[in-house]
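Residue numbers (numbering that gives the first Met the number 0): 0 to 211. Note that CB positions come from ideal geometry on N, CA and C, so glycine has one too. Note that the coordinates shown come from a computational prediction; the quantities given were computed from them, not determined experimentally.
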Amino acid sequence: MIEFFAWSLTPRADTAEVALVTACPTAVADSVTDAPTAHTLGPEVRARVYAAVRNCGAHYPSGAFGLYRLGSQEASPLHDLAVAVAVVAAATNPGWSGLDHVVFLAELCLDGRLRPADADTGSIAAITTAVTAAAQAGFRYVVVAAEHTAHLPPIEGITVLGASTLREVLDWLYSTADPSPKPAGRCSLMWRTPSGHRRDHRDPTDGHRDHR
Numbered sequence: 000m001i002e003f004f005a006w007s008l009t010p011r012a013d014t015a016e017v018a019l020v021t022a023c024p025t026a027v028a029d030s031v032t033d034a035p036t037a038h039t040l041g042p043e044v045r046a047r048v049y050a051a052v053r054n055c056g057a058h059y060p061s062g063a064f065g066l067y068r069l070g071s072q073e074a075s076p077l078h079d080l081a082v083a084v085a086v087v088a089a090a091t092n093p094g095w096s097g098l099d100h101v102v103f104l105a106e107l108c109l110d111g112r113l114r115p116a117d118a119d120t121g122s123i124a125a126i127t128t129a130v131t132a133a134a135q136a137g138f139r140y141v142v143v144a145a146e147h148t149a150h151l152p153p154i155e156g157i158t159v160l161g162a163s164t165l166r167e168v169l170d171w172l173y174s175t176a177d178p179s180p181k182p183a184g185r186c187s188l189m190w191r192t193p194s195g196h197r198r199d200h201r202d203p204t205d206g207h208r209d210h211r
């Protein structure tokens, strides 16, 4: 059973592949590794995510655990944020609600900042394509680096959340109490609704339908 997970996407030329990232104790990893589309995440990803998690003051698992990507054949630095979310969930079992509705799409710096897309991780056009694919797949929210919220066009059916750090993303997740996540008062995520309006600290479901 996959208990600790987060969704991401691998941008392609004109679309994006959905990727499910999961963190699970080594003792129960067999059910995941037996899947034909399971790929073990490498030491570079582990090291980068470990540094980001520890430097933002979050918990990291004390025991042995596996990190796997299911679905997408290719790895991407844009999976980092999803990996970090799955890892922190495995360490704390926080009971976050609504992760089935959210895509995490950002590379992490070692200090926990979300790195804007560049030539190596994907241009704004690639991020736009990925967000469009997320909306078409039925996701309701996508988390990206804060710098992108001003440049992404409005995309029907999905709300874009811009964050500057992993800590901001985790604070938002800890604030969730139902399957429609809302920003907490201490959370500084920027919301961009499907109509293109930008909001701070408000319910992102105001004014648009539930698409998932």
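### Message
As an exercise, report each continuous beta strand (DSSP E) stretch of at least 3 residues that is fully enclosed by the region 99 to 148, in chain order.
### Response
101 to 103 and 140 to 144
### Query
The beta strand (DSSP E) with R45 in it runs from where to where?
Not the beta strand (DSSP E): R45 falls in the alpha helix (DSSP H), residues P42 to N54.
### Query
In chain order, what residues of the same chain lie with their CB nearer than 8 Å to the CB of A136, ignoring the 5 residues before and after it?
V17
#### Entry: Three-state secondary structure assigned by DSSP to W171
helix
### Task
Answer yes or no: do N54 and G94 have a C-beta to C-beta separation smaller than 7 Å?
no
### Message
Per DSSP, what are the beta-bridge partners of F64 in this structure?
### Response
P24
### Task
Just mark C186 as buried or exposed, buried being the case when its beta carbon has 16 or more other beta carbons within 10 Å.
Bear in mind that the predicted position of C186 carries a pLDDT of just 42, short of 50, making it unreliable; the figure below should be weighed with that in mind. Flag for C186 reads buried.
### Message
Taking contact to mean 3 or more Cβ pairs, one atom from each stretch, closer than 8 Å, check whether the region 92 to 106 and the region 75 to 82 are in contact.
### Response
yes
### Task
Verify whether the separation of the beta carbon atoms of T175 and G97 is less than 7 Å.
yes
### Which of helix, strand or coil DSSP assigns to L215
Since the displayed the chain opens at 0 and closes at 211, residue 215 lies outside it and no answer follows.
### Query
Bridge partners of F4, per DSSP?
T21
### Query
How close, in whole Å, do the beta carbons of V141 and L165 come, if the pair is a contact with beta carbons under 8 Å?
That pair is no contact at about 16 Å.
#### Entry: Beta-bridge partners of L80, as assigned by DSSP
Partner(s): none; L80 has no beta bridge.
### Query
What do you reckon, are the CB atoms on R68 and V143 nearer than 7 Å?
no
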